[in-house]
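K.L.:
Numbering (the numbering used here), first residue to last: 366 to 548. I have a structure I would like to understand better, so I am pasting it below and will then ask my questions one at a time.
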(Lines of atoms letter the chains of each structure in order from A and count residues from 1; the text may use other names and numbers.)
(Lines give C-alpha, C1' and ligand atoms only; values in the text may rest on other atoms or scores of the structure.)
Protein backbone atom coordinates (compact mmCIF):
# COMPACT_ATOMS: atom_id res chain seq x y z
CA UNK A 1 0.00 0.00 0.00
CA UNK A 2 1.39 3.37 -1.09
CA UNK A 3 1.90 6.02 1.58
CA UNK A 4 1.55 9.44 0.03
CA UNK A 5 3.62 12.34 1.30
CA UNK A 6 1.66 14.86 -0.76
CA UNK A 7 -1.92 14.62 -2.00
CA UNK A 8 -0.91 15.77 -5.49
CA UNK A 9 0.82 12.45 -6.15
CA UNK A 10 -2.20 10.58 -4.84
CA UNK A 11 -4.47 12.61 -7.12
CA UNK A 12 -2.33 11.78 -10.16
CA UNK A 13 -2.08 8.08 -9.36
CA UNK A 14 -5.54 7.33 -7.95
CA UNK A 15 -7.72 10.20 -9.13
CA UNK A 16 -9.24 13.19 -7.36
CA UNK A 17 -12.11 11.09 -6.02
CA UNK A 18 -9.62 9.21 -3.80
CA UNK A 19 -8.67 12.33 -1.82
CA UNK A 20 -10.18 13.36 1.50
CA UNK A 21 -11.59 16.85 1.94
CA UNK A 22 -8.47 17.74 3.92
CA UNK A 23 -6.27 16.68 1.01
CA UNK A 24 -8.32 18.62 -1.54
CA UNK A 25 -8.14 21.77 0.56
CA UNK A 26 -4.44 21.17 1.18
CA UNK A 27 -3.83 21.23 -2.58
CA UNK A 28 -5.73 24.50 -2.93
CA UNK A 29 -3.94 26.08 0.02
CA UNK A 30 -0.65 25.06 -1.56
CA UNK A 31 1.95 26.13 0.96
CA UNK A 32 2.24 26.56 4.68
CA UNK A 33 2.86 29.59 6.80
CA UNK A 34 5.38 30.18 9.63
CA UNK A 35 5.75 26.70 11.05
CA UNK A 36 2.37 25.46 9.82
CA UNK A 37 2.06 23.18 6.83
CA UNK A 38 -0.72 23.40 4.27
CA UNK A 39 -1.99 20.20 5.89
CA UNK A 40 -2.17 21.92 9.30
CA UNK A 41 -4.06 24.85 7.81
CA UNK A 42 -6.49 22.58 5.92
CA UNK A 43 -7.15 20.55 9.07
CA UNK A 44 -7.90 23.67 11.11
CA UNK A 45 -10.12 25.02 8.35
CA UNK A 46 -12.17 21.85 8.21
CA UNK A 47 -12.23 21.41 11.99
CA UNK A 48 -13.51 24.98 12.32
CA UNK A 49 -16.10 24.89 9.53
CA UNK A 50 -16.95 21.19 9.19
CA UNK A 51 -16.05 20.55 5.60
CA UNK A 52 -17.34 21.61 2.22
CA UNK A 53 -20.85 22.28 3.48
CA UNK A 54 -19.65 24.39 6.40
CA UNK A 55 -17.83 26.82 4.12
CA UNK A 56 -20.89 27.61 1.97
CA UNK A 57 -21.90 30.75 3.81
CA UNK A 58 -18.52 31.90 5.09
CA UNK A 59 -16.86 35.16 4.18
CA UNK A 60 -13.27 36.11 3.46
CA UNK A 61 -13.15 37.60 6.98
CA UNK A 62 -14.27 34.29 8.48
CA UNK A 63 -11.57 32.36 6.63
CA UNK A 64 -8.85 34.92 7.38
CA UNK A 65 -9.17 34.03 11.08
CA UNK A 66 -7.33 30.79 10.31
CA UNK A 67 -3.61 31.46 10.73
CA UNK A 68 -1.97 31.05 7.34
CA UNK A 69 -5.00 31.94 5.23
CA UNK A 70 -4.66 35.27 3.53
CA UNK A 71 -6.16 36.79 0.41
CA UNK A 72 -4.53 34.59 -2.28
CA UNK A 73 -5.20 31.31 -0.51
CA UNK A 74 -8.73 32.35 0.41
CA UNK A 75 -9.42 33.17 -3.24
CA UNK A 76 -8.18 29.69 -4.23
CA UNK A 77 -10.58 28.20 -1.68
CA UNK A 78 -13.47 30.41 -2.84
CA UNK A 79 -12.96 29.82 -6.58
CA UNK A 80 -14.41 26.26 -6.64
CA UNK A 81 -17.56 27.47 -4.90
CA UNK A 82 -18.09 30.20 -7.48
CA UNK A 83 -17.27 27.85 -10.37
CA UNK A 84 -19.72 25.34 -8.89
CA UNK A 85 -22.51 27.92 -8.81
CA UNK A 86 -21.81 28.83 -12.42
CA UNK A 87 -21.67 25.20 -13.57
CA UNK A 88 -25.05 24.58 -11.90
CA UNK A 89 -26.54 27.64 -13.60
CA UNK A 90 -24.96 26.86 -16.97
CA UNK A 91 -26.37 23.33 -16.95
CA UNK A 92 -29.74 24.53 -15.65
CA UNK A 93 -29.68 21.98 -12.86
CA UNK A 94 -32.57 22.65 -10.53
CA UNK A 95 -30.74 22.85 -7.20
CA UNK A 96 -32.54 25.51 -5.12
CA UNK A 97 -30.13 25.05 -2.20
CA UNK A 98 -27.38 26.66 -4.31
CA UNK A 99 -28.64 30.00 -2.97
CA UNK A 100 -27.09 28.98 0.38
CA UNK A 101 -23.63 29.06 -1.19
CA UNK A 102 -22.35 32.58 -0.67
CA UNK A 103 -18.60 31.93 -0.62
CA UNK A 104 -17.21 32.79 -4.01
CA UNK A 105 -15.84 35.45 -6.27
CA UNK A 106 -18.97 36.70 -8.05
CA UNK A 107 -17.33 39.71 -9.73
CA UNK A 108 -14.71 37.58 -11.46
CA UNK A 109 -15.00 36.45 -15.07
CA UNK A 110 -14.75 32.73 -15.80
CA UNK A 111 -11.16 33.22 -16.94
CA UNK A 112 -10.29 35.16 -13.79
CA UNK A 113 -11.68 32.33 -11.64
CA UNK A 114 -9.54 29.78 -13.42
CA UNK A 115 -6.55 32.13 -13.24
CA UNK A 116 -6.92 32.17 -9.44
CA UNK A 117 -6.46 28.38 -9.49
CA UNK A 118 -3.63 28.50 -12.04
CA UNK A 119 -1.78 31.12 -9.92
CA UNK A 120 1.19 31.80 -12.15
CA UNK A 121 1.98 32.28 -15.79
CA UNK A 122 4.41 30.62 -18.13
CA UNK A 123 6.96 32.51 -20.21
CA UNK A 124 4.94 35.25 -21.92
CA UNK A 125 1.55 33.81 -20.86
CA UNK A 126 -0.25 35.19 -17.82
CA UNK A 127 -2.48 32.98 -15.66
CA UNK A 128 -5.42 34.64 -17.44
CA UNK A 129 -3.97 33.67 -20.84
CA UNK A 130 -3.71 30.04 -19.70
CA UNK A 131 -7.27 30.20 -18.35
CA UNK A 132 -8.56 31.61 -21.65
CA UNK A 133 -6.83 28.77 -23.47
CA UNK A 134 -8.54 26.24 -21.19
CA UNK A 135 -11.91 27.88 -21.81
CA UNK A 136 -11.36 27.91 -25.59
CA UNK A 137 -10.47 24.22 -25.55
CA UNK A 138 -13.32 23.08 -23.29
CA UNK A 139 -15.81 25.82 -24.25
CA UNK A 140 -16.94 26.66 -20.70
CA UNK A 141 -16.39 26.04 -17.00
CA UNK A 142 -18.72 23.04 -17.34
CA UNK A 143 -16.71 21.69 -20.23
CA UNK A 144 -13.68 21.23 -17.98
CA UNK A 145 -15.57 18.85 -15.67
CA UNK A 146 -14.46 15.27 -16.11
CA UNK A 147 -11.57 16.05 -18.43
CA UNK A 148 -8.42 13.99 -18.09
CA UNK A 149 -5.45 15.59 -16.38
CA UNK A 150 -3.21 14.51 -19.22
CA UNK A 151 -5.41 16.35 -21.74
CA UNK A 152 -5.28 19.59 -19.74
CA UNK A 153 -1.53 19.23 -19.32
CA UNK A 154 -1.05 19.41 -23.09
CA UNK A 155 -1.67 23.16 -22.85
CA UNK A 156 1.82 24.65 -22.79
CA UNK A 157 2.32 26.25 -19.39
CA UNK A 158 -0.15 24.11 -17.47
CA UNK A 159 2.27 21.90 -15.57
CA UNK A 160 1.44 19.25 -13.00
CA UNK A 161 0.92 21.62 -10.06
CA UNK A 162 -1.55 23.80 -11.96
CA UNK A 163 -3.48 20.86 -13.39
CA UNK A 164 -3.58 19.18 -9.96
CA UNK A 165 -4.98 22.38 -8.43
CA UNK A 166 -7.67 22.58 -11.13
CA UNK A 167 -8.53 18.89 -10.66
CA UNK A 168 -8.80 19.34 -6.87
CA UNK A 169 -11.10 22.34 -7.37
CA UNK A 170 -13.33 20.39 -9.74
CA UNK A 171 -13.51 17.47 -7.32
CA UNK A 172 -14.70 19.92 -4.65
CA UNK A 173 -17.30 21.17 -7.14
CA UNK A 174 -18.46 17.60 -7.82
CA UNK A 175 -18.85 16.99 -4.09
CA UNK A 176 -20.60 20.33 -3.61
CA UNK A 177 -23.14 19.44 -6.31
CA UNK A 178 -23.80 16.07 -4.64
CA UNK A 179 -24.43 17.84 -1.32
CA UNK A 180 -26.77 20.33 -3.00
CA UNK A 181 -28.67 17.49 -4.69
CA UNK A 182 -29.21 15.94 -1.26
CA UNK A 183 -30.60 19.19 0.19
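The beta-carbon is built from N, C-alpha and C at its ideal position, and this holds for glycine as well.
Give the DSSP-derived three-state secondary structure of residue 490 in the structure shown.
P.N.:
Here residue 490 sits in strand by DSSP.
K.L.:
Could you work out which residue in 376, 543 and 375 is closest to residue 460 when comparing CA atoms only?
P.N.:
543
K.L.:
Grab me the residues of residue 486's own chain with a C-beta within less than 6 Å of its C-beta, minus the 5 sequence neighbours each way, in chain order.
P.N.:
492
K.L.:
Am I right that residue 394 and residue 440 are in contact with their C-beta atoms under 8 Å? What's the rounded C-beta distance?
P.N.:
With a Cβ gap of about 11 Å, residue 394 and residue 440 do not count as contacting.
K.L.:
Is it buried or exposed for residue 374, if we count other Cβ within 10 angstroms and need 16 for buried?
P.N.:
exposed
K.L.:
Give the single residue among 537, 494 and 482 whose Cα lies nearest to the Cα of residue 526.
P.N.:
Of the listed residues, the one whose Cα sits closest to residue 526 is 482.
K.L.:
Going by alpha carbons, who is nearest to residue 533 out of 370, 422, 399 and 445?
P.N.:
Its Cα nearest to that of residue 533, the residue 445 stands out among 370, 422, 399 and 445.
K.L.:
Does chain D have any CB closer than 8 Å to the CB of residue 373?
P.N.:
Going by chain labels, chain D is absent from the structure shown, which holds only one protein chain.
K.L.:
Could you check the C-alpha separation between residue 383 and residue 376 for me, to the nearest Å?
P.N.:
7 Å
K.L.:
Determine the closest residue to residue 468 out of 515, 378, 522 and 429, with distance taken between C-alpha atoms.
P.N.:
Measuring from the Cα of residue 468, the nearest candidate turns out to be 429.
K.L.:
Measuring only the C-alpha atoms, how far is residue 402 from residue 436?
P.N.:
17 Å
K.L.:
Contact check, residue 524 vs residue 495 under 8 Å by CB: the rounded distance?
P.N.:
That pair is no contact at about 10 Å.
K.L.:
Report the rounded CA-to-CA distance for residue 529 versus residue 475, giving the unit in angstroms.
P.N.:
19 Å
K.L.:
Given a threshold of 16 other Cβ atoms within 10 Å of its Cβ, counted over all protein chains shown, does residue 458 qualify as buried or as exposed?
P.N.:
exposed
K.L.:
So, with DSSP's three-state summary, where would you put residue 451?
P.N.:
helix
K.L.:
Just checking my contact of residue 421 with residue 465 at CB under 8 Å: how many whole Å lie between their CB atoms?
P.N.:
Correct: roughly 5 Å between the Cβ atoms.
K.L.:
Should residue 415 be labelled buried (16 or more other beta-carbon atoms within 10 Å of its own) or exposed?
P.N.:
exposed
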